[in-house]
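A.B. asks: Residue numbers for the sequence shown, in numbering that gives the first Met the number 0: 0 to 113. Quick one: this structure, given as structure tokens, is what I'll be asking you about.
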Amino acid sequence: MENCIFCKIIQKEIPTSFIYEDDRMVAFKDINPQAPIHILLIPKEHYASLNDVPEDKKDILSHLLLKARQIALEQGISERGYRIVLNTARDSGQEVLHIHFHLLGGRRMNWPPG
């Protein structure tokens with residue numbers, strides 16, 4: 000998608016230091032962190048939201064979640080706890096229309112979240 004900021008980051012048109020990258024996804028620190036650790040996990044294929052992931056591509060979701068678990072361990076937040084957030088569409092707070100998970104940790108999270 001030509002105007003998608005996450006697609007530009009994935010294509011390295013916008014410089015970003017990746018915490019993790021493989022052939023299917025990237026992970027990097029959020030530029031507006033909501034917790035001491037706030038990492039975005041983004042598939043390289045463009046889907047606007049969870050609503051747009053085709054059934055035959057659903058394995059990307061488990062891939063992202065398992066990498067979030069790995070990154071939480073590497074960041075030292077797996078024992079105390081972390082939160083994974085997936086916003087879907089505008090009313091949920093999704094600002095960039097490219098599916099992405101937020102990995103948040105390093106502080107106590109409140110409930111309800113918002």
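Here a beta-carbon is modelled for each residue, glycine too, at the ideal position from N, C-alpha and C. Please read these numbers as outputs of a predicted model, since none were measured by experiment.
Does Ala-67 pass the burial test, meaning 16 or more other C-beta atoms within 10 Å, or should it be called exposed?
C.D. replies: Residue numbering aside, residue 67 sits at position 68 when the sequence shown is read from its first letter. Result: buried.
A.B. asks: When the distance is taken between beta carbons, is Tyr-46 closer than 7 Å to Ile-98?
C.D. replies: Position 99 of the sequence shown, counted from the start, is the residue given in the question as residue 98. Position 47 of the sequence shown, counted from the start, is the residue given in the question as residue 46. Yes, they are a contact pair.
A.B. asks: Could you have a look at Leu-102 and say whether DSSP puts it in helix, strand or coil?
C.D. replies: As a working mapping, residue 102 is identified with position 103 in the sequence shown. The answer is strand: DSSP assigns Leu-102 an E or B state.
A.B. asks: Among all the DSSP beta bridges, which residues are the ones paired with Glu-20?
C.D. replies: Working through the sequence shown from its first residue, we reach residue 20 at position 21. In the DSSP output, where bridge partners are listed per residue, Glu-20 has Val-25.
A.B. asks: Are the beta-carbon atoms belonging to Ile-83 and Leu-102 less than 7 Å from one another?
C.D. replies: Position 84 of the sequence shown, counted from the start, is the residue given in the question as residue 83. Position 103 of the sequence shown, counted from the start, is the residue given in the question as residue 102. Going by C-beta atoms, Ile-83 is nearer than 7 Å to Leu-102.
A.B. asks: According to DSSP, simplified to helix, strand and coil, what is His-62?
C.D. replies: As a first step, residue 62 is located in the sequence shown; it is residue number 63 there, counting from the start. Helix.
A.B. asks: What is the rounded straight-line gap between the Cα of Tyr-81 and the Cα of Asn-50?
C.D. replies: Position 82 of the sequence shown holds residue 81. Position 51 of the sequence shown holds residue 50. Approximately 24 Å between the Cα atoms of the pair.
A.B. asks: Using the Cα positions of Ile-9 and Leu-72, report the straight-line distance between them to the nearest angstrom.
C.D. replies: Counting from one through the sequence shown, the residue named residue 9 turns up at place 10. Counting from one through the sequence shown, the residue named residue 72 turns up at place 73. Roughly 24 Å between the two C-alpha positions.
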